[in-house]
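Enquirer:
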Amino acid sequence: MPTMRDTIDDEACAWLVRVESGELGTHGQADFDAWINADPRHAAAYRAVLRTWQDIPALPELADLCSAPARSGAKARKTLIAVGLAAVAAAAAVVVAILPSLHDQRFATAIGQARAITLSDGSTVILGAHSSLRVHYSANERRVALVDGEALFNVRHMAGRPFVVDAGASEVRDIGTRFNVNLGAASVQVEVVEGLVQTRRRESKAPDRLLRSGERAEIPLYAADPVIVSAASARNLPLLSQDRAGPLVFENVRLADLASDINRYYAPGVQLASPAIGDLRVTAAFRAKEIPAFLDTLSAVLPVDVQRQPSGAFVVRVRP
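Numbering that gives the first Met the number 0 puts the first residue of the sequence shown at 0, with every later residue one more than the last.
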């Protein structure tokens, strides 16, 4: 016995046949709009059928489904679309198996390396130094996980398919166009370059927070600490520079986050011996090649001792 979902899917296929064959007309368009608006499931089912229909010619595994000879006339086109949609239904299991492999992707960069990436929907990402990204696109959502590091997103708007970035325990939902996310050791930093984004902590009951162009939020990894919203910094997203020529500029950042950023450029690494000193704040500017010199002078501006190891690594300790 057909379920409600089956009935809705069948109706979506029937509407697609009429839309693609050009036979709607004025009255038909009004009926179609009424059907779409009657139930949110209608719009979702129609989008899913339309995307599947559009995807099939690009999938080698299903190319034969679209190999029917071209015919002229609305009636012939309507027949071809109907046959194609029947093939879609028959091949649904194949589509479900194939699409995840097409839409699940992973990207990563090495220490000191940045990378420009174009995603399948036309959105672009500049992935910062020593960073990694996991992309999962589904029919109803585009979700990206920033596993490590920093990324600048320039999102292509798609109605009905929100773009969401997971970073630590935080979720960043795109409402505008261009924003940066940096997953540090102590906080997630979100900076809006253009448009709007909505941020929230998944495990917190606090309301979602809206960030506008020119605003920056520091979202601590621990829910007990407050979210700090300020004007966007002038650091010009230093870890995203592909030529590494410019200075790295940090304004009033936690020492723990500064250390994690340095470690994306400096292979020997810097380690904080005590979590307590991670909350110290620092403002600094230096080039990647100047990292050892900067760390040698850190004790002059913060109550810490810095020891350089034979390997070139640095250990930062609380000053006795």
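Every residue, glycine too, gets a C-beta built ideally from N, C-alpha and C.
1) How would you write the range of the alpha helix (DSSP H) that S131 sits in, first residue to last?
2) Judging by CA-CA distance, which residue of A184, F178, R201 is the nearest neighbour of E193?
3) So, are the CB atoms of R133 and A150 less than 8 Å apart?
4) What is the rounded straight-line gap between the Cα of G167 and the Cα of Q28?
5) In chain order, what residues of the same chain have a beta carbon less than 6 Å from the beta carbon of Q188, not counting five sequence neighbours either side?
6) What do you reckon, are the CB atoms on D256 and A184 nearer than 8 Å?
7) Evaluate V315 with the Cβ neighbour count: other Cβ atoms within 10 Å of its Cβ, from every protein chain shown; 16 or more gives buried, anything less gives exposed.
8) Taking L279 and L301 to be in contact with their CB atoms under 8 Å, please state how far apart those CB atoms are, rounded to whole angstroms.
9) Is the beta carbon of P267 closer than 8 Å to that of E212?
10) Here's the rule: buried if 16 or more other CB atoms are within 10 angstroms of the residue's CB, otherwise exposed. What is D32?
11) What is the DSSP secondary structure of S169, reduced to helix, strand or coil?
12) For E10, which residues of its own chain have a beta-carbon under 8 Å away from its beta-carbon, when the five flanking residues on both sides are left out?
13) To the nearest angstrom, report how far apart I163 and R142 are at their CA atoms.
14) Opposite Q197 in the DSSP bridges: which residues?
15) Can you check DSSP and say which residues form a bridge with V315?
16) Between which two residues does the alpha helix (DSSP H) containing A258 stretch?
17) Using a 10 Å radius around the Cβ and a threshold of 16 neighbouring Cβ atoms, would you call P39 buried or exposed?
18) From the DSSP output, in three-state form, read off G277 for me.
19) Are R46 and G127 touching if we call contact CB-CB under 8 Å?
20) Whose CA, out of V196, D147, D207, P319, lies closest to the CA of V154?
21) Taking the straight line between their C-alpha atoms, what separation do you get for V253 and I7?
22) By the DSSP assignment, the alpha helix (DSSP H) with I110 in it spans what residues?
23) Opposite D224 in the DSSP bridges: which residues?
24) DSSP on E217, reduced to helix/strand/coil?
25) Given this structure, state the Cα-to-Cα distance separating S259 from N139, to the nearest angstrom.
26) Are E214 and V191 closer than 8 Å when you measure CB to CB?
27) Given G111, which residues of its chain have a CB within under 7 Å of its CB, disregarding the five upstream and five downstream residues?
28) Using a threshold of 8 Å, state whether the C-beta atoms of I125 and A109 are closer than that.
29) How big is the Cα-Cα spacing for F293 and D165?
30) To which residues does DSSP link G148 through a beta bridge?
31) How many Å lie between G148 and S131 at the Cα?
32) Cα separation between A13 and N36?
33) Are the CB atoms of T296 and E250 within a distance shorter than 8 Å?
Expert: By the coordinates alone:
1) Unbroken run through S131 is the beta strand (DSSP E), 131-136; no alpha helix (DSSP H).
2) Checked all of A184, F178, R201; the closest Cα to E193 is F178.
3) Taking 8 Å as the Cβ cut-off, R133 and A150 do not qualify as a contacting pair.
4) Each residue's alpha carbon lies about 45 Å from the other.
5) N181, E217, listed in sequence order.
6) Yes, they are a contact pair.
7) So V315 counts as buried.
8) Contact check for L279 and L301: beta-carbon distance about 5 Å, within the 8 Å limit, so the pair qualifies.
9) Here residue 212 turns out to be Ser, not Glu, going by the sequence shown. Against a cut-off of 8 Å, the Cβ pair of P267 and S212 comes out as no contact.
10) The residue in question, D32, is exposed, as its Cβ has fewer than 16 Cβ neighbours within 10 Å.
11) S169: strand per DSSP, three-state reduction.
12) Short of 8 Å from the beta carbon of E10, and not among the five residues preceding or following it, lie these beta carbons of its own chain, in chain order: W34, H41, A44.
13) In the sequence as presented, Ile is not what sits at residue 163; that position holds Val. Approximately 5 Å, taken between the alpha carbons.
14) Checking the DSSP bridge columns, you'll see Q197 partnered with R172, L209.
15) Paired residues: L271, V305.
16) Counting along the chain, the unbroken alpha helix (DSSP H) around A258 starts and ends at 254-261.
17) Counting Cβ neighbours within 10 Å, P39 comes out exposed, since fewer than 16 surround it.
18) Here G277 sits in helix by DSSP.
19) Their beta carbons are not under 8 Å apart, which means R46 does not touch G127 by this criterion.
20) In this structure, V196 is the residue among V196, D147, D207, P319 with its C-alpha nearest to the C-alpha of V154.
21) Residue 253 is actually Arg in this sequence, not Val. Rounded to the nearest angstrom, the two C-alpha atoms are 53 Å apart.
22) Here I110 belongs to no alpha helix (DSSP H), and DSSP marks it neither H nor E.
23) DSSP lists no partner for D224.
24) Reduced to three states, the DSSP call for E217 is strand.
25) Our two residues, S259 and N139, have alpha carbons roughly 34 Å apart in a direct line.
26) Contact: yes.
27) Excluding residues within five positions, the ones whose Cβ falls inside 7 Å are A128, R243, Y264, A287.
28) Contact: no.
29) Rounded to whole angstroms, F293 to D165 spans 32 Å at the Cα level.
30) For G148, which the question treats as bridged, DSSP gives the partners L182.
31) When only Cα atoms are considered, G148 and S131 end up about 7 Å apart.
32) Spanning the two alpha carbons is a distance of roughly 16 Å.
33) Not closer than 8 Å, so no.
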